[in-house]
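J.:
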Amino acid sequence: MQRGEASELFAIEREDGLSAILGNLAQSVFGEAAYPSIESKAAHLLYFILKNHPFADGNKRSGAFLFVDFLHRNGRLFNQHNQPIINDTGLAALTLLVAESDPKQKDVLIKLIMHMLQAA
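Take the sequence shown: its position 95, counting from 1, is numbered 95 in full-length UniProt numbering, and each next residue is one higher.
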């Protein structure tokens with residue numbers, strides 16, 4: 001394997017890890033959506049993938065990709081000026097921030113991501 005290449009384990013799902021995360025995004029509590037907004041769903045998707053490690057390898061890369069893909073599929077990847085709401089450097093920094101964070105800081109990180117998405 002050369003530098004920059006993914007391992008043979010890259011993005012191989014552990015059991016039903018990704019399915020469980022995606023199912024969590026659709027949960028409801030007392031008849032109300034647990035994550036009611038696109039921003040909330042996107043923030044939790046990134047957080048859950050980075051913290052729950054649903055893949056044998058490549059959780060940060062896969063999490064960043066799925067975060068961007070989710071925003072794209074929901075029409076939120078670009079702002080009203082047709083500019084991406086996050087650039088490559090910002091995505092890498094955000095991904096590493098979440099991945100290296102203390103789980104006790106989950107609520108703060110979710111609010112940070114949601115604010116970033118809403119402000120864009």
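Glycine is no exception: its CB is placed at the ideal position from the N, C-alpha and C atoms.
Which residue from ALA34, LEU117 and ILE21 puts its Cα closest to that of residue 124?
T.: Here the chain comprises residues numbered 1 to 120, so residue 124 is not present and cannot be evaluated.
J.: Tell whether a beta-carbon distance below 8 Å holds between ALA99 and LEU50.
T.: The count along the sequence shown starts at 1 and reaches residue 99 at position 99. The count along the sequence shown starts at 1 and reaches residue 50 at position 50. Inclusion of ALA99 and LEU50 in the CB contact set at 8 Å is warranted, their separation being smaller than that value.
J.: Just the C-alpha distance for THR95 and GLY63, rounded to the nearest angstrom, thanks.
T.: Here residue 95 is taken as the residue at index 95 of the sequence shown, counted from 1. Here residue 63 is taken as the residue at index 63 of the sequence shown, counted from 1. Roughly 8 Å between the two C-alpha positions.
J.: Buried or exposed for ASN59, going by 16 or more other Cβ atoms inside 10 Å?
T.: Residue 59 sits at position 59 when you count from the first residue of the sequence shown. So ASN59 ends up on the buried side.
J.: For ASP16, tell me which candidate among PRO54, GLY75, LEU25 and ASN24 has the shortest Cα-Cα distance.
T.: As a first step, residue 16 is located in the sequence shown; it is residue number 16 there, counting from the start. The candidate whose alpha carbon is nearest that of ASP16 is PRO54.
J.: Please report how far the alpha carbon of LYS111 lies from the alpha carbon of ALA20, in whole angstroms.
T.: Counting from one through the sequence shown, the residue named residue 111 turns up at place 111. Counting from one through the sequence shown, the residue named residue 20 turns up at place 20. One C-alpha to the other measures close to 22 Å.
J.: Among the residues of its own chain, which have a CB less than 6 Å from the CB of LEU71, if the five just before and after it don't count?
T.: Here residue 71 is taken as the residue at index 71 of the sequence shown, counted from 1. For LEU71, where only same-chain residues beyond five positions count, the Cβ hits under 6 Å are ALA42 and LEU77.
J.: If VAL68 and LEU91 are in contact, beta carbons under 8 Å, what's the gap, nearest whole angstrom?
T.: The count along the sequence shown starts at 1 and reaches residue 68 at position 68. The count along the sequence shown starts at 1 and reaches residue 91 at position 91. Contact flag correct, Cβ pair sits at about 7 Å.
J.: What's the C-alpha gap between PRO84 and SER37?
T.: On the sequence shown, position 84 is the one that residue 84 refers to. On the sequence shown, position 37 is the one that residue 37 refers to. Computed Cα separation, rounded: 19 Å.
J.: Which residue marks the beginning of the alpha helix (DSSP H) containing GLN83, and which one marks its end?
T.: Here residue 83 refers to the residue found at position 83 when the sequence shown is read from its first residue. Here GLN83 belongs to no alpha helix (DSSP H), and DSSP marks it neither H nor E.
J.: What are the complete alpha helix (DSSP H) segments, minimum 4 residues, inside the segment 49-79?
T.: 59-73
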